[in-house]
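One gets this note's numbering by counting positions in the sequence shown from 1 and adding 10 to each.
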Amino acid sequence: MAEALRIGIAGLGTVGASVVRVLADKAAELTRQCGRDVVVTAVSARDPKRDRGVDLSAAKWFDDPVELAQKADIDVFVELIGGDEGPARACVKAALDAGRHVVTANKALLAKHGVALAEAAEKRGVLLNYEAAVAGGIPVIKTMREAMAGNSVNRVFGILNGTCNYILTRMEAEGLSFEDCLKDAQRLGYAEADPTFDIEGNDTAHKLAILTSLAFGTKIAADSIYLEGISNITQADIRAAGELGYRIKLLGVAQRTESGIEQRVHPTMVPTASVIAQVNGVTNAVAIETDILGELLLSGPGAGGNATASAVVGDIADIAKSRPGFQHGPVFGRPAKELRPYKKAQMRSHAGGYFIRLTVHDRIGVFAAIARRMADNDISLESIVQHADGKEALAQKTVILVTHETTEAAVRKAVEGVTKDGHLTSKPQVIRIERAE
Ligand SMILES: NC(=O)c1ccc[n+]([C@@H]2O[C@H](COP(=O)([O-])OP(=O)(O)OC[C@H]3O[C@@H](n4cnc5c(N)ncnc54)[C@H](OP(=O)(O)O)[C@@H]3O)[C@@H](O)[C@H]2O)c1
Numbered sequence: 011m012a013e014a015l016r017i018g019i020a021g022l023g024t025v026g027a028s029v030v031r032v033l034a035d036k037a038a039e040l041t042r043q044c045g046r047d048v049v050v051t052a053v054s055a056r057d058p059k060r061d062r063g064v065d066l067s068a069a070k071w072f073d074d075p076v077e078l079a080q081k082a083d084i085d086v087f088v089e090l091i092g093g094d095e096g097p098a099r100a101c102v103k104a105a106l107d108a109g110r111h112v113v114t115a116n117k118a119l120l121a122k123h124g125v126a127l128a129e130a131a132e133k134r135g136v137l138l139n140y141e142a143a144v145a146g147g148i149p150v151i152k153t154m155r156e157a158m159a160g161n162s163v164n165r166v167f168g169i170l171n172g173t174c175n176y177i178l179t180r181m182e183a184e185g186l187s188f189e190d191c192l193k194d195a196q197r198l199g200y201a202e203a204d205p206t207f208d209i210e211g212n213d214t215a216h217k218l219a220i221l222t223s224l225a226f227g228t229k230i231a232a233d234s235i236y237l238e239g240i241s242n243i244t245q246a247d248i249r250a251a252g253e254l255g256y257r258i259k260l261l262g263v264a265q266r267t268e269s270g271i272e273q274r275v276h277p278t279m280v281p282t283a284s285v286i287a288q289v290n291g292v293t294n295a296v297a298i299e300t301d302i303l304g305e306l307l308l309s310g311p312g313a314g315g316n317a318t319a320s321a322v323v324g325d326i327a328d329i330a331k332s333r334p335g336f337q338h339g340p341v342f343g344r345p346a347k348e349l350r351p352y353k354k355a356q357m358r359s360h361a362g363g364y365f366i367r368l369t370v371h372d373r374i375g376v377f378a379a380i381a382r383r384m385a386d387n388d389i390s391l392e393s394i395v396q397h398a399d400g401k402e403a404l405a406q407k408t409v410i411l412v413t414h415e416t417t418e419a420a421v422r423k424a425v426e427g428v429t430k431d432g433h434l435t436s437k438p439q440v441i442r443i444e445r446a447e
């Protein structure tokens, strides 16, 4: 049997401790599958005294993860600290420079420094595996990088943040407000104490940036992503969506267009009958549309110790099965030096259907004025519905418009016009509609 594969793990929190546990519990099975033992020989975290519920007695402790990366007797360095700079970046870079394979779950790090790290890995001929960084336990990286070779991707989109999907699911199922659902998500441990990163879409954007690079062979461009979170979604939107045959999801979408690649994260209306609309609660899903395969949808647990550890252990097992001299595939599917510059499609040229909810003064001529603004901008309407608004029924009305395919520029101009006309009693709501099977 080949020599044991020695693992060093930096970060022993939710994911790190789970990885140690899975590697111990499944040691015999992993040995059978990999043809060699996989053993944790070194670990690092901040607090050496904390009981992490796992046996670390056989592993050497390092206070400094960079020192572990450089000096420990290991073949694979596993980074489970988190963050796009600081110790996570320093130790991953140190491990690659020292010629060690790296496994990480760190989407923030890859979204910012992925290309440079991939170049470093490829220069040294080592692997940089990151299955857990996108959609937790769902094997989407492996699917796109390996199983879809030769396919040209047209669009990849998904529910990539469990916190947002949990909130939107409960808002719809129980008629609760965004704020109440967020509080529950925090109480249940689905959302951080500071949930901004999740609910404003940044976490989804990090994952989308990685998927875009894999899908289109372009450099990672997380800063070019159009970003809107879910904190403005109200019960009125959820109800109107339901009446019109849609469900609201926070989607990350990357799409090839004539003018470049669109990358956008925003609340999105998807047909209630579509497969992605059925993905509820903390579950994640990724849909990939290609020329050869057609549409594929993967769904499953996107976070949590066990699910994320499953992906990390899968990455470790791939390294255990590889052999010296075996030419590893490039980190982002193409050699990092050959990744094309990202050509951004302007958000203004985004084409699609739109949901527009307007709260207007209940006056004669308002309806006609709104219709005129739409027509002036060549927006053709699929439906227009108005209804009285609860207790203020005599004073204001809600008007809901659903457009046929139009452009973002036209919708922005039309809504600006309606706002200037002085008919609105509150901020207009605009939600993009996404085609989904
Ligand atoms: N949690 C999930 O469901 C999930 C899912 C997918 C991906 N991820 C990613 O996985 C990574 C880890 O997430 P997590 O939830 O496990 O985080 P976590 O529970 O906060 O754990 C972080 C760990 O890093 C250690 N650490 C922090 N600073 C350190 C330093 N300077 N030197 C050494 N160790 C240090 C901490 O040590 P102490 O324990 O001593 O404080 C802790 O063990 C992140 O990149 C995250 O984005 C997480």
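Just so it is clear, CB atoms sit at the ideal spot from N, CA and C, and this is done for glycine as well.
Classify residue i as buried or exposed, calling it buried when 16 or more other Cβ atoms lie within 10 Å of its own Cβ.
i      : result
Ala346 : buried
Ser54  : buried
Met181 : buried
Met279 : buried
Thr244 : exposed
Ile374 : exposed
Val166 : buried
Ser269 : exposed
Asp83  : exposed
Gln356 : exposed
Lys133 : exposed
Val395 : exposed
Lys117 : buried
Ile302 : exposed
Val11  : Per the sequence presented here, residue 11 reads as Met, with Val not at that position. Exposed, by the Cβ-count rule.
Glu418 : buried
Glu299 : buried
Ala393 : Before going on, a small fix: residue 393 reads as Ser here, not Ala. That one is exposed.
Over the uninterrupted beta strand (DSSP E) stretch that includes residue i, give me the two end residues.
i      : result
Met279 : 270-281
Thr408 : 406-413
Hey, residue i and residue j are a contact pair by Cβ (cut 8 Å); roughly how many whole angstroms apart?
i      : j      : result
Val440 : Val425 : 6 Å
Cys44  : Lys331 : 5 Å
Leu120 : Ala143 : 6 Å
Tyr352 : Ala231 : 4 Å
Gly26  : Leu90  : 4 Å
His414 : His371 : Not a contact, Cβ separation roughly 27 Å.
Ser241 : Phe188 : 6 Å
Thr293 : Gly172 : 7 Å
May I ask you to list the residues that DSSP assigns as paired with residue i?
i      : result
Phe167 : Val263, Ala297
Gln439 : Arg367
Ala52  : Gly18, Lys70
Tyr236 : Arg274
Ile258 : Met279
Leu434 : Val370
What residue range does the alpha helix (DSSP H) around residue i cover?
i      : result
Glu392 : No alpha helix (DSSP H) holds Glu392; the beta strand (DSSP E) holding it covers 391-398.
Leu15  : Segment 15-20 is the beta strand (DSSP E) holding Leu15; no alpha helix (DSSP H) there.
Arg155 : Neither: Arg155 is in no alpha helix (DSSP H) and is coded neither H nor E.
Met384 : 376-386
His216 : 212-226
Ile177 : 172-184
Arg422 : 418-430
Ser192 : Correcting the residue identity first, residue 192 is Leu in this sequence and not Ser. 188-197 is the span of the alpha helix (DSSP H), which, as asked, contains Leu192.
Asp35  : 24-35
Gly252 : 245-253
Asp208 : 206-209
query: Which full runs of the beta strand (DSSP E) of 3+ residues lie inside the segment 54-140, going along the chain?
result: 70-72, 86-89, 111-114
task: Please list the segments of the alpha helix (DSSP H) lying wholly inside the segment 283-362, counting only runs of 4 or more residues, in order along the chain.
output: 315-331
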